[in-house]
Structures are given as C-alpha cells and as structure tokens.
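Please read the structure below before turning to the comments.
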Amino acid sequence: MELQIQISGSHAEKYERRSHSIGISMWHFEWCTKYRYKMFAKEEQRNLITACIRRAATMHEIKILELNVQPEHVHCVVGISLTTTPVKALQILKGV
0 MELQIQISGS
10 HAEKYERRSH
20 SIGISMWHFE
30 WCTKYRYKMF
40 AKEEQRNLIT
50 ACIRRAATMH
60 EIKILELNVQ
70 PEHVHCVVGI
80 SLTTTPVKAL
90 QILKGV
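When you line the sequence shown up against numbering that gives the first Met the number 0, it's residues 0 to 95, in that order.
Rendered as structure tokens:
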C-alpha cells in the first residue's frame, strides 16, 4: 500500500516543490567583524550594509525574512531554495 500526502491549498504556497523533495529551507546566519570591531556603529554604515545584503539577496533569489545589523555583528534569517547550500548562500551574502 502506498501512502500519498495531499497538501491543502493554504499550505501549498509555503513549501517549495522539487522532483524528489518538498519543504522549506530556512537558515539563521550570524557573522562577526574581525576582532569584534564596531564597524557598523554609525547609522549610515548600518544602512549601507543593510542595502548591500538586500541587493545581494535579490540578485540571487534569496528571501530575507529578518535582518538585524548590530555594531559588531549581523543577524540574518533567510529562506533559500532547496538546491542552494547554506554555505553558498552565506558566501553570496557576505561576498557581494
């Protein structure tokens, strides 16, 4: 007997479908400046890094669910496609 799961219409848009998988790939990234220097202490610098991270995410189809820039580190909750590895997504966000 084969088990088949039906996903209702309200939940179907939350999940990403692939040929052999279905689900959500959501990750929490945090990275710090070298030696915890307060590189983003000024509001202008925080706005610049926020804009750069959001631009990199839109260029590579990464959904930013939450972004918080602190003076010495960055918190970011992102949703990535099931084919993208978390390491690659972090490299994209930090590199651009």
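Ideal Cβ placement from N, Cα and C applies to all residues, glycine included. Since the model is a prediction, treat every value here as computed from it, not as a measurement.
Asked	Found
For the beta strand (DSSP E) that M25 lies in, which residues bound it at each end?	S24 to C31
In its own chain, which residues sit with a C-beta less than 7 Å from the C-beta of G94, not counting the 5 before and 5 after it?	none
Count the other CB atoms, across all protein chains shown, that sit within 10 Å of the CB of I23; report buried if there are 16 or more and exposed otherwise.	exposed
For V86, report the span of its alpha helix (DSSP H) as first-last.	P85 to G94
Just list the residues that DSSP pairs L66 with in beta bridges.	C75
In terms of residues, what are the limits of the alpha helix (DSSP H) holding A50?	E42 to M58
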